[in-house]
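Remarks on the structure that follows.
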Amino acid sequence: MRAQNIFQKLQEREGLSEDALIARLRDTASTPLTDGEEGDELWNLALEAARLDEVVDAAVRTLEPSIVAKYAFSLSQAFNALYHKYPVLNEERAEWRIWRAAVISFYRRQLTRTLDLMGARVPTRM
């Protein structure tokens with residue numbers, strides 16, 4: 001999975017674990033989240049990832065488990081678009097790299113939860 005590879009490479013290149021990266025957010029300026037189109041797109045991915053509980057509630061209420069599958073697909077597409085437009089590993093500005101990785105971390109956790117709910121595992125390779 002692309003998101004997992006980002007964190008493996010951050011660990012290899014910078015010795016920065018995912019948890020350490022998240023801990024650095026407190027001391028990192030939030031400029032990337034407020035800086036125009038990129039900030040909007042980072043927020044859009046974070047907000048879409050945050051919708052998981054709402055999506056599961058809708059699936060349970062309507063007895064339509066396909067709602068969860070459609071959400072997983074849509075969330076993955078949103079990540080893919082962001083990944084191609086705003087690379088993490090090649091970003092020279094540390095603030096931007098950290099915030100992009102943080103949003104991707106949240107996305108990855110939510111997608112993993114979504115797949116778990118559907119009884120699927122995160123693929124190791126695509």
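When we follow the working numbering, the leftmost residue of the sequence shown carries the number 1, and every step to the right adds one. Built from N, CA and C at the ideal position, the CB exists for glycine as well.
One Cα belongs to Leu33, the other to Val60, and the distance between them is close to 33 Å. Per DSSP, Thr62 is one residue of the alpha helix (DSSP H) stretching across 52-62.
Within the same chain, no Cβ atom closer than 6 Å to the Cβ of Ala23 is found once the five residues on either side in sequence are excluded.
Within its own chain, the residues whose Cβ lies closer than 7 Å to the Cβ of Leu111, once the five positions on either side in sequence are excluded, are Ala72, Leu75, Ser76, listed in chain order.
The residue among Arg108, Asp116, Leu115, Val122 with its C-alpha nearest the C-alpha of Glu18 is Arg108. Following the DSSP letters along the chain, one finds Ala69 inside the alpha helix (DSSP H) bounded by residues 66-85. Rounded to the nearest whole angstrom, the C-alpha separation of Asp53 and Arg13 is 35 Å.
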